[in-house]
Amino acid sequence: MQDRHSESAPPTLGVGLIGYAFMGAAHSQGWRTAARVFDLPLRPVLAAMAGRDGAAVRAAADKHGWAAAETDWRALVAREDVQLVDICAPGDRHAEIAIAALDAGKHVLCEKPLANSVAEAEAMAAAAERARARGQVAMVGFNYRRVPAIAHARRLIMERRIGALRHVRLTYLQDWLVDPEFPLTWRLERSRAGSGALGDLGAHIVDLAQFLAGEPLVGVSAQLETFVKERPLLAGVAAGPNAPGGSGRGTVTVDDAAVFTGRLASGALATFEASRVAPGRKNALRLEVSGEHGSLAFDLERLNELLYHDHREPAAIAGFRRILVTEAEHPYLEAWWPPGHVLGYEHTFAHQARDLVMSIAAGTDPVPSFADGLQVQRVLAAVEESAAKNAVYTPIPVPIPEPVPEPVLAPAPGAGRAGAPA
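Just so we're aligned, residue 8 is where the sequence shown starts under our numbering, counting upward by one.
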């Protein structure tokens with residue numbers, strides 16, 4: 008569809024978003040922003056947003072800039088002005104919506120984790136493979152891959168700056184479930200969420216471990232725990248951190264915390280901790296990667312910084328150096344602000360939209376793909392299986408992947424930045 012306002016404008020890409028709560032707002036921000044920052048071959052258009060509550064979805068659509076509102080996701084998928092379906096619904100709806108959208112000829116972006124079970128994820132990956140032959144693409148929304156500092160860490164690891172990997176450590180801690188009177192939202196129901204901290208937070212750090220290492224996990228040993236077994240039933244439809252409680256109590260059917268170790272295909276070791284009951288930790292995602300020559304460390308609460316240690320330097324001057332990841336040579340930063348002008352959490356969704364649009368225009372496979380999402384789902388399933396067997400080491404089936412080209416993250420070193428001060 009050609010933009011009617013300018014013959015020189017790029018063709019448009021109609022986006023339909025399903026879900027309007029926290030992730031719906033974040034994805035909306037990304038779609039609104041991407042084409043205003045990056046020079047994209049297709050211009051995303053916010054065609055329609057869908058949600059079950061008519062008044063709420065209309066209010067959200069108006070707030071976030073969507074042209075239309077639907078109360079049935081099927082109606083959104085069927086719209087002729089929607090070429091890409093973005094799924095931010097609860098996990099129990101992912102498979103049904105994604106497969107229907109792909110079968111209808113749409114591109115798909117699906118929030119993580121890909122599904123609530125390996126069987127659902129396998130069906131989604133198969134649907135994506137069928138759609139691939141028709142020129143459609145499907146991507147999973149692991150947005151933390153798009154933090155410039157994490158993308159830069161991946162680049163340094165692939166360049167062998169720290170040598171062969173030996174150990175990766177990842178933690179993701181939050182505290183929004185510390186209060187035992189916090190109500191029983193859908194995220195605490197296995198039938199809707201699939202799992203608790205494991206799927207909500209653990210999926211992110213499993214993906215990051217495999218992304219940074221460039222290789223899959225092949226086995227895990229795990230423990231899960233639910234510390235608060237019952238919670239007040241939810242009053243109304245609100246489901247966020249400030250959701251009100253009602254009368255009566257219900258059973259929590261997911262984990263509050265997950266702790267597990269793993270082994271990567273190369274033999275490197277990995278440790279993971281995910282919790283939604285860690286007092287004082289609001290969104291604390293931290294990682295450290297150790298190799299034979301050095302280490303890299305990152306803290307999401309210091310999102311624009313990457314720590315790098317080169318162990319080959321003389322002891323008198325050796326130590327972790329702070330890299331401020333705001334240079335034009337760093338991933339995604341060629342289109343943003345002059346050096347030192349930092350970015351935030353919301354920018355990862357603009358980067359996600361940018362990468363997906365570039366893949367659609369080029370006809371290439373986006374990363375992470377549904378196959379990547381399936382691999383993460385297999386790890387989560389192995390964690391649950393191990394925990395059910397008192398932390399018995401549990402192998403993970405790992406298919407042989409096809410080579411996937413790296414996304415283009417930044418111009419060659421030395422490229423200038425538009426608008427930078429002279």
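Cβ atoms here follow ideal geometry from the backbone N, Cα and C, with glycine treated the same way.
query: Apart from the five residues on each side of it in sequence, which residues of its chain come closer than 7 Å, Cβ to Cβ, to N290?
result: Q181 and L307, listed in sequence order.
field: Helix, strand or coil at A264 [DSSP, three-state]
entry: strand
- prompt: Straight-line CA distance for V22 to D93?
  reply: Going from the Cα of V22 to the Cα of D93 covers about 7 Å.
message: Which residue wins for smallest C-alpha separation from A16, given the options M30, A42, A33 and H34?
response: A42
message: Please classify H348 as buried or exposed, where buried requires at least 16 other C-beta atoms within 10 Å of its C-beta.
response: Residue environment analysis places H348 among the exposed positions, since fewer than 16 neighbouring C-beta atoms fall within 10 angstroms of its C-beta.
C-alpha distance - V244 paired with A200, whole-angstrom precision: Legend: pLDDT at V244 = 49, less than 50; position of this residue unreliable, no value from coordinates given.
Distance between D207 and P380 (C-alpha atoms, nearest Å): For clarity, residue 380 is Gly in the given sequence; the question names Pro instead. When rounded, the distance between both Cα atoms is 13 Å.
field: Buried versus exposed call for M165 [16 or more other C-beta atoms within 10 Å across all chains shown]
entry: Per the 10 Å Cβ criterion, exposed.
query: Taking just the CA atoms, how far does L53 sit from E299?
result: For E299 and L53, the gap between their C-alpha atoms comes out near 47 Å.
message: Looking at L219: is its Cβ nearer than 8 Å to the Cβ of V175?
response: Taking 8 Å as the Cβ cut-off, L219 and V175 qualify as a contacting pair.
- prompt: Who are the near neighbours of G221 in its chain, counting only those whose CB is closer than 8 Å to its CB and skipping five residues on each side?
  reply: R161, I164 and M165
- request: Assign D46 to one of three DSSP states: helix, strand, or coil.
  value: coil
query: With distances taken from CA atoms, which of R288, P190 and V84 is nearest A242?
result: P190
task: Please work out which residues of its chain come closer than 6 Å, Cβ to Cβ, to R153, disregarding the five sequence neighbours upstream and downstream, and give them in chain order.
output: Only T355, H358 and Q359 meet the Cβ criterion.
- request: Tell me whether L83 is buried or exposed, calling it buried when 16 or more other Cβ atoms sit within 10 Å of its Cβ.
  value: buried
message: For a test of the three-state rule: what should DSSP assign to R319, helix, strand or coil?
response: coil
message: Assuming R100 is part of the beta strand (DSSP E), what are its boundary residues?
response: Careful: R100 lies outside any beta strand (DSSP E) and carries neither H nor E.
message: Using the three-state DSSP reduction, which class does V390 fall into: helix, strand or coil?
response: Residue state, collapsed to three classes: helix.
- prompt: Looking at C-alpha atoms only, which residue of T371, P97 and P18 is the closest neighbour of N123?
  reply: P97
task: Any chance you could list the alpha helix (DSSP H) runs of at least 4 consecutive residues sitting entirely within the segment 15–95, in chain order?
output: You should have 29–44, 61–71 and 80–85.
- request: With I330 as the anchor, note down where its alpha helix (DSSP H) starts and where it stops.
  value: That residue, I330, is in no alpha helix (DSSP H); its beta strand (DSSP E) goes R328 to L331.
Span of the beta strand (DSSP E), counted from its first residue to its last, around H174: L172 to L180
task: Measuring alpha carbon to alpha carbon, tell me which of R81, V332, I169 and V89 ends up nearest G301.
output: I169
task: Would you tell me roughly how many angstroms separate the C-alpha atoms of V432 and S202, rounded to the nearest one?
output: A query on residue 432 cannot be resolved here, the shown segment of the chain reaching from 8 to 429 and no further.
task: Can you check the segment 222–247 for any beta strand (DSSP E) of at least 3 residues that lies completely inside it and give the ranges in chain order?
output: Runs of the beta strand (DSSP E) inside the segment 222–247: 224–232 and 237–241.
- request: Measure the C-alpha to C-alpha separation of E231 and D263 and round it to an integer number of angstroms.
  value: The sequence shown places Leu at residue 231, rather than the Glu named in the question. If I take the Cα positions, the gap works out to 8 Å.
field: Backbone CA spacing between L271 and S228 [nearest angstrom]
entry: 13 Å
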